[in-house]
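Peer 1:
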Amino acid sequence: MTNVYKFGPHTIAAGQVFLKTKYSIGLVNLKPILPGHVLVVSLRPVRRFLDLNPEEVSDMFQSAQRIGKIIEKEYGGSSLTIACQDGADAGQSVPHVHVHIIPRRLGDFANNDDIYNDIARNGKEYFTKPDAVAASKKGVDNEERMPRTEQEMAAEASRLALLLEQQQQQQQQ
16 MTNVYKFGPH TIAAGQVFLK TKYSIGLVNL KPILPGHVLV VSLRPVRRFL DLNPEEVSDM
76 FQSAQRIGKI IEKEYGGSSL TIACQDGADA GQSVPHVHVH IIPRRLGDFA NNDDIYNDIA
136 RNGKEYFTKP DAVAASKKGV DNEERMPRTE QEMAAEASRL ALLLEQQQQQ QQQ
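Residue numbers (my numbering): 16 to 188.
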């Protein structure tokens, strides 16, 4: 596995990645909207969902389904929000196609659709230098959510990778 991945203009440390397939990666979030908020990102650096080929689309959404099963259970959710903002006018803040997967439960937002406002507020510096962002709190557009450290994200990624590995072993039995 490589040491770093590209997500638009951002460099993602391998420690934040918990799943790698032929066409996608699953990664943890610097400032999750809710606990367990993760992303599936295409390995090929394309801006739009419409630019993906059929194999990449299939892989991305099969990965989202697989990850969703794990995070819903791990974070005590009863539902999932799966969202793709396809282009800047749709609220996409990083010009690289990606899917948000967020475990949900009744009452986690007073107005259920408010989650989409939070997704749209994700900053362009979301994944870069989390320790520096945590210390300075500059450049992040949503100050209500505290950025996590590299260590916190690596611990979550390791836990999710283990759960995905266990899921795969169970399916093979």
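All C-beta atoms in this analysis are idealised placements derived from N, C-alpha and C, irrespective of residue type, glycine included.
Predicted model only: the values in this text are computed from it and were never measured.
What three-state label does DSSP hand S94 in the structure shown?
Peer 2: Of the three classes helix, strand and coil, the one that applies to S94 here is strand, per DSSP.
Peer 1: Rounded to whole angstroms, what is the Cα-Cα separation between T26 and Y20?
Peer 2: The straight-line gap from Cα to Cα measures roughly 6 Å.
Peer 1: Taking the C-alpha atoms as reference points, what is the distance between K35 and D104?
Peer 2: About 29 Å.
Peer 1: Tell whether a beta-carbon distance below 9 Å holds between H52 and H113.
Peer 2: Result no, Cβ atoms of H52 and H113 do not sit closer than 9 Å.
Peer 1: Can you give me the start and stop residues for the beta strand (DSSP E) that I117 sits inside?
Peer 2: Note, I117: beta strand (DSSP E), 113-119.
Peer 1: Answer with buried or exposed for P24, where buried requires no fewer than 16 other C-beta atoms within 10 angstroms of its C-beta.
Peer 2: The residue in question, P24, is exposed, as its Cβ has fewer than 16 Cβ neighbours within 10 Å.
Peer 1: Using 8 Å as the cut-off, classify the Cβ of I48 as near or not near the heavy atoms of the ligand MN, replying yes or no.
Peer 2: This structure lacks the ligand MN; in fact it carries no ligand of any kind.
Peer 1: By the three-class DSSP mapping on this structure, what secondary structure does G30 have?
Peer 2: If DSSP states are grouped into helix, strand and coil, G30 belongs with the helices.
Peer 1: Which same chain residues, not among the five before or five after G106, have their C-beta less than 6 Å away from its C-beta?
Peer 2: Cβ neighbours of G106 beyond the five flanking positions: Q100, A135.
Peer 1: Could you name the residues of the same chain whose beta carbon sits closer than 7 Å to that of I85, not counting the 5 residues immediately before and after it, in chain order?
Peer 2: Only L175, L178, L179, Q182 meet the Cβ criterion.
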